[in-house]
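Following full-length UniProt numbering, the numbering of the sequence shown begins with 1 at its first residue and continues without gaps.
Glycine included, C-beta positions come from ideal geometry on N, C-alpha and C.
Here the structure is a predicted model, which is why all the values come from computation and not from measurement.
For reference, the structure discussed in these notes is given below.
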Amino acid sequence: MTADVVDNKTGDSAAQASAAGMDLKTGAAEPLAAHEISAMRERIDEIDQAIIDLWLERARLSQEVGRTRMASGGTRLVLSREREIVERFREALGADGAQVALMILRAGRGPL
Numbered sequence: 001m002t003a004d005v006v007d008n009k010t011g012d013s014a015a016q017a018s019a020a021g022m023d024l025k026t027g028a029a030e031p032l033a034a035h036e037i038s039a040m041r042e043r044i045d046e047i048d049q050a051i052i053d054l055w056l057e058r059a060r061l062s063q064e065v066g067r068t069r070m071a072s073g074g075t076r077l078v079l080s081r082e083r084e085i086v087e088r089f090r091e092a093l094g095a096d097g098a099q100v101a102l103m104i105l106r107a108g109r110g111p112l
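Have a look at this one:
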């Protein structure tokens, strides 16, 4: 016995999509489009992994900067530097960029 998988947003079932000739992984009705979508998703996955790797590297470097600064008698944070970073992200990405920058900064220094 096979159970239909139902998409909660649209109410469509996997069986309906399959019957309509759609690729269940991509949602595309044409094989060429399904192939193109799969290739683009593969590249997206590669980009996501690069972002994760860079995020982790940046956090490690930021923590090292903080440890070095504090070991030399400096402050835990340099707020002017953090403002520069937030502004750079805001200029490049808009309002969401500021939120991304704040998350990146938190990853490197921990919560305040």
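- In the three-state reduction of the DSSP assignment, T68 falls in the helix class, which pools H, G and I.
- Judged by their CB atoms, I104 and W55 are nearer to each other than the 8 angstroms cut-off.
- In the structure shown, D23 adopts coil according to DSSP, grouped into three states.
- For the pair A29 and G21, the CB atoms are nearer than the 8 angstroms cut-off.
- Under the three-state reduction of DSSP, P111 is assigned to coil, being neither helix nor strand.
- A95 sits exposed, since fewer than 16 C-beta atoms from the chains shown fall within 10 Å of its C-beta.
- Per DSSP, the unbroken alpha helix (DSSP H) holding V86 starts and ends at L79 to L93.
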